[in-house]
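Participant: Chains as they are written, first to last, in this note's numbering: chain B, 79 to 615; chain U, 187 to 493.
Below is the structure I would like to discuss, written out as structure tokens.
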């Protein structure tokens, strides 16, 4: 016979548990990573009496998490993708702000330098202007070094951040192994304590924020984690965590290698994508490396161009100029951009050569030279012309073409007009021309010179570096906004199932309270029935 | 659809934070008057602004070069005007001196005046600009253009180089002419029939000698040669005038160019206040709406009715 008392007792127990679960949900509504728990009730085995079955009440089935593996996976992936963008934007913006602001950018230092050159060209004999030129040349050198220093600070910061993210990842790996060990004690997922599973999912979410991971769950709820996808390097298998470390190539900015250390042997990992780690590595390779190499390239170009002019000119002492900037920049990059000259008289404002027609020349022809390549030795010769024998230098014939052009010892010369028989021209170092500004004019015109192979000037080349960093950051911002929407959706989806809503809990509280009261009433009724039987006399 | 309580709070807070940062950003723009508070707000625009700033600075440099060129040319002009006046006077004296009715004593007096005019010309030929550069020495600017050698012969000490300065990306103006071109030579046929080039000051010196000895032929030769020098000087002045014109023209062009760049820069960099203020009020309105609705919605809870 079915026992009403035991049905009542079972039901009160069940609803007591249900009310406990609801209270627990309310208590944990603000707990990070808490998954709403649900009480499952089950019908008890019916009792057969003759040909009929009597229901035998209900009992507590299980307390489970309101959880969807699919929603959780979505959330993990979307947070990996979203957290890729943040470090990329943060650091790329710093580079743009550093290189693009009016005060700290190279553009203003370049402008300043060329302004000084231009001013000096209008009065090359002026000592104050020569001093200003040197001061602004030093300003340019300092700006190159400052920018290079700031970029390497940013590089070091991102390297430190990569290391700290890897430390966190290693730590999370260890925690996950501990959780796995606990989970392995039970054979099925159903038997696992919900808080342990919440903890496991929390660790996995934290891991996903560091790098994109692939998670495989076993029947008992233990997990194996790999980087990127199912073929990636193992982060955690059931009982062992990989220790990750990073190495940075000191010579090549932006070169990062992540090493996985299993059983004490370090080996390269599969690709690391997504997550903060992926973002940092993207920043290093896509933003930092081009900025650093671009700046170094520009430094070498600038020093070479300016030195080339300085060494093919004549200074205020009437001597051929020596290099203005240290040529070590070719190996040291922008960090080695230093001014060598401190004496304003050493600025080579004058053209290299003085070409004087002989005082007795009657032809009125003028001889001039074209720009001289760096390293060409200073010539000294007399060019003679005779109507019968043509042109000669020291008796050796010189071939002058129909346009009056010829080349001698690596320097090309051009005649304007035609010389007369017996005319001669003396070519030599321009030793007395303090007021000559030919070289300084060329210096000032470097500002417009197509220095890059593709025709850009130095200033444009620099701004392109700023633009490149800015574009990466702008793209990342667009991606971030899109991914934020995806992530928000994933949060909402997960929350719909797993979040705690006070309204819902309030309703459940009333529902289970009433059910509990009704169950208690069953016990009361059963007592009364029993009393009725006992009362028969 | 169920929305969990903590999600409701989180989402509202995130929303209000976003609104607040928009308002703060707009406030920073209004406070600075610039469209771009940081270069990272729009790197493309920041690069454009830097380019325009460079171009503006470039134009300022040309402005300065024009000032320098003009002051050099003005110095040259005032020297050349002086030279022309003196040559005119010498020419008048030459005409006067070639008059047969004049006595030798009269000619000596004329010779004296010409001598003092010659000294005046000599000092004008060694004119210096405001930085102390000799303007007629070519590029040997620290050397006086003319001096007398041991034999008392006036010689040119400068060189033949012309200095030009850039007054735009594509235009140069030369700011000096070698002294021996300005103080030009004349060609004189000697007694032996050969022609020789005679320097500016030698012509005047010879003329003074001719006056002192009252040599009729030499005086008339002097008159002829001095006329040539006067004509040459007029040409030099005309050449100078054309260079000064170039400077003036370029100044107008430069002013236009600068104005254009200023406009472009202002477009790129300056904030449109009307739009910005309107945007700010819209943003503030939506922030207030978010706050007000949050305050109301957050009080809705079933527990409030369970008493």
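For glycine and all other residues, C-beta sits at the position ideal for the given N, C-alpha and C.
Here the structure is a predicted model, which means the values were calculated and not measured.
Spatial neighbours of residue 404 (chain U) within its chain, please: C-beta separation below 6 angstroms, excluding the five flanking residues on both sides.
Facilitator: Within the second chain, numbered from 1, the residue matching residue 404 (chain U) stands at position 218. Excluding residues within five positions, the ones whose Cβ falls inside 6 angstroms are 396.
Participant: Which of helix, strand or coil does DSSP assign to residue 346 (chain U)?
Facilitator: Looking up residue 346 (chain U) in the second chain gives position 160. Coil at residue 346 (chain U), not helix or strand.
Participant: Using only alpha-carbon positions, find the residue among B:426, B:454 and B:520 that is nearest to residue 508 (chain B).
Facilitator: Here residue 508 (chain B) refers to the residue found at position 430 when the first chain is read from its first residue. Here the closest residue by C-alpha is B:426.
Participant: Could you give the DSSP three-state label for residue 327 (chain U): helix, strand or coil?
Facilitator: The sequence position of residue 327 (chain U) within the second chain is 141, counting from 1. Residue 327 (chain U): coil per DSSP, three-state reduction.
Participant: Report yes if the C-beta distance between residue 357 (chain B) and residue 163 (chain B) is below 9 angstroms; otherwise report no.
Facilitator: As a position in the first chain, residue 357 (chain B) is number 279, starting the count at 1. As a position in the first chain, residue 163 (chain B) is number 85, starting the count at 1. Yes, these two residues count as a Cβ contact at 9 angstroms.
Participant: Report the CB separation of residue 393 (chain U) from residue 415 (chain U) in whole angstroms; it is logged as a contact under 8 angstroms.
Facilitator: Counted from its first residue, the second chain places residue 393 (chain U) at position 207. Counted from its first residue, the second chain places residue 415 (chain U) at position 229. With 8 angstroms as the limit, residue 393 (chain U) and residue 415 (chain U) do not qualify as a contact, their Cβ atoms being about 10 angstroms apart.
Participant: Kindly indicate the opening and closing residues of the alpha helix (DSSP H) around residue 235 (chain B).
Facilitator: Position 157 of the first chain holds residue 235 (chain B). Start and end: 205-261.
Participant: Less than 9 angstroms between CB atoms is the rule here; does residue 492 (chain B) satisfy it with respect to chain U?
Facilitator: On the first chain, residue 492 (chain B) is found 414 positions in, with the first residue counted as 1. No, because no Cβ of chain U sits closer than 9 angstroms to the Cβ of residue 492 (chain B).
Participant: In this structure, what does DSSP give as the bridge partners for residue 483 (chain B)?
Facilitator: Mapped onto the first chain, residue 483 (chain B) falls at position 405. According to DSSP, which records beta bridges pairwise, residue 483 (chain B) is partnered with B:492.
Participant: Three-state secondary structure (DSSP) at residue 391 (chain B)?
Facilitator: On the first chain, position 313 is the one that residue 391 (chain B) refers to. Residue 391 (chain B): strand per DSSP, three-state reduction.
Participant: DSSP three-state call for residue 681 (chain B): helix, strand or coil?
Facilitator: Because chain B is modelled from 79 through 615, residue 681 (chain B) falls outside the range shown and cannot be assessed.
Participant: In whole angstroms, give me the CA-to-CA distance for residue 496 (chain U) and residue 106 (chain B).
Facilitator: No answer is possible for residue 496 (chain U): the residues shown for chain U start at 187 and end at 493.
Participant: As a quick exercise: from B:360, B:481, B:470 and B:190, pick the residue whose alpha carbon is nearest that of residue 218 (chain B).
Facilitator: Here residue 218 (chain B) corresponds to residue number 140 of the first chain, with the count starting at 1. Checked all of B:360, B:481, B:470 and B:190; the closest Cα to residue 218 (chain B) is B:190.
Participant: Is the CB of residue 253 (chain B) under 9 angstroms away from at least one CB in chain U?
Facilitator: By 1-based counting over the first chain, the position of residue 253 (chain B) is 175. With 9 angstroms as the cut-off, residue 253 (chain B) does not count as an interface residue toward chain U.
Participant: Quick one, which of B:481, B:462 and B:480 has its alpha-carbon nearest residue 474 (chain B)'s?
Facilitator: The sequence position of residue 474 (chain B) within the first chain is 396, counting from 1. Taking only the C-alpha atoms, the option nearest residue 474 (chain B) is B:462.
Participant: Quick one: list the residues of chain U neighbouring residue 548 (chain B), beta-carbon separation under 8 angstroms, in chain order.
Facilitator: Sequence index remark: in the first chain, residue 548 (chain B) carries index 470 (1-based). In chain order: 225, 226, 228, 229, 230, 232 and 233.
Participant: Using a beta-carbon distance below 9 angstroms, is residue 578 (chain B) in contact with chain U?
Facilitator: One-based indexing of the first chain puts residue 578 (chain B) at position 500. Closer than 9 angstroms: yes.
Participant: Under 9 angstroms Cβ-Cβ, which residues of chain B neighbour residue 267 (chain U)?
Facilitator: The sequence position of residue 267 (chain U) within the second chain is 81, counting from 1. Result: empty, since nearest Cβ-Cβ is about 23 angstroms, beyond 9 angstroms.
Participant: Give the residues of chain U in contact with residue 424 (chain B), contact being defined as C-beta atoms less than 8 angstroms apart.
Facilitator: As a working mapping, residue 424 (chain B) is identified with position 346 in the first chain. Those do not exist, as residue 424 (chain B) stays about 17 angstroms from chain U at its closest Cβ, beyond 8 angstroms.
Participant: Could you tell me which chain B residues have their CB closer than 8 angstroms to the CB of residue 326 (chain U), listed as they occur along the chain?
Facilitator: Counted from its first residue, the second chain places residue 326 (chain U) at position 140. Those are 510, 511, 512 and 513, listed as they occur along chain B.
Participant: Give me, in chain order, the residues of the same chain whose beta-carbon lies closer than 6 angstroms to that of residue 158 (chain B); leave out the 5 immediate sequence neighbours on both sides.
Facilitator: What you label residue 158 (chain B) is simply residue 80 of the first chain in a count that begins at 1. Cβ neighbours of residue 158 (chain B) beyond the five flanking positions: 286, 290, 352 and 353.
Participant: As a quick exercise: from B:480, B:149 and B:422, pick the residue whose alpha carbon is nearest that of residue 202 (chain B).
Facilitator: Within the first chain, the letter at position 124 stands for residue 202 (chain B). Checked all of B:480, B:149 and B:422; the closest Cα to residue 202 (chain B) is B:422.
Participant: Based on DSSP bridge pairs, tell me the residues matched to residue 165 (chain B).
Facilitator: Position 87 of the first chain, counted from the start, is the residue given in the question as residue 165 (chain B). Answer is none; residue 165 (chain B) lacks a bridge partner.
Participant: Is there a Cβ of chain U sitting closer than 9 angstroms to that of residue 148 (chain B), yes or no?
Facilitator: Translated into positions along the first chain, residue 148 (chain B) becomes position 70. So no, residue 148 (chain B) is outside the interface.
Participant: Leaving out the 5 sequence neighbours to the left and right, which residues in its chain are closer than 6 angstroms to residue 304 (chain U) when beta-carbon positions are compared?
Facilitator: Within the second chain, the letter at position 118 stands for residue 304 (chain U). Excluding positions up to five away in sequence, the list reads 390.
Participant: Please report the distance separating the alpha-carbon of residue 93 (chain B) from that of residue 141 (chain B).
Facilitator: By 1-based counting over the first chain, the position of residue 93 (chain B) is 15. By 1-based counting over the first chain, the position of residue 141 (chain B) is 63. Each residue's alpha carbon lies about 12 angstroms from the other.
Participant: Can you find a CB in chain B that lies within less than 9 angstroms of the CB of residue 339 (chain U)?
Facilitator: Walking along the second chain from the start, residue 339 (chain U) turns up at place 153. Taking Cβ atoms only, chain B never reaches closer than 9 angstroms to residue 339 (chain U), which makes this a no.
Participant: Apart from the five residues just before and just after residue 279 (chain U), which ones in its own chain have a Cβ nearer than 7 angstroms to its Cβ?
Facilitator: On the second chain, position 93 is the one that residue 279 (chain U) refers to. For residue 279 (chain U), where only same-chain residues beyond five positions count, the Cβ hits under 7 angstroms are 296, 299 and 300.
Participant: Does any C-beta atom of chain B lie closer than 9 angstroms to the C-beta of residue 401 (chain U)?
Facilitator: Sequence index remark: in the second chain, residue 401 (chain U) carries index 215 (1-based). No, because no Cβ of chain B sits closer than 9 angstroms to the Cβ of residue 401 (chain U).
Participant: Using a Cβ-Cβ distance under 9 angstroms, would residue 224 (chain B) count as near chain U?
Facilitator: The count along the first chain starts at 1 and reaches residue 224 (chain B) at position 146. Judged by the 9 angstroms Cβ criterion, residue 224 (chain B) is not in contact with chain U.
Participant: Taking C-beta pairs closer than 8 angstroms, name the residues in chain U that residue 545 (chain B) reaches, listed in chain order.
Facilitator: The sequence position of residue 545 (chain B) within the first chain is 467, counting from 1. The contacting residues are 229, 230 and 233.
Participant: Identify, in the order they occur along the chain, each residue of the same chain with its Cβ nearer than 7 angstroms to the Cβ of residue 311 (chain U), setting aside the five sequence neighbours on each side.
Facilitator: Along the second chain, one-based indexing puts residue 311 (chain U) at 125. Same-chain partners within the cutoff: 322, 331, 332, 365 and 369.
Participant: Does the beta-carbon distance from residue 251 (chain B) to residue 321 (chain B) come in below 9 angstroms?
Facilitator: By one-based count along the first chain, residue 251 (chain B) stands at place 173. By one-based count along the first chain, residue 321 (chain B) stands at place 243. For residue 251 (chain B) and residue 321 (chain B), yes; Cβs fall inside 9 angstroms.
Participant: For residue 459 (chain B), does the three-state DSSP call read helix, strand or coil?
Facilitator: Counted from its first residue, the first chain places residue 459 (chain B) at position 381. In this structure, residue 459 (chain B) counts as strand in the three-state DSSP scheme.
Participant: Tell me which residues share the same chain as residue 104 (chain B) and place their Cβ nearer than 6 angstroms to its Cβ, disregarding the 5 neighbours each side in the sequence.
Facilitator: Start at 1 with the first residue of the first chain, and residue 104 (chain B) comes out as number 26. The answer, listed in chain order, is 583.
Participant: To the nearest angstrom, report how far apart residue 489 (chain U) and residue 350 (chain B) are at their CA atoms.
Facilitator: Here residue 489 (chain U) corresponds to residue number 303 of the second chain, with the count starting at 1. Here residue 350 (chain B) corresponds to residue number 272 of the first chain, with the count starting at 1. Each residue's Cα considered, the two are about 48 angstroms apart.
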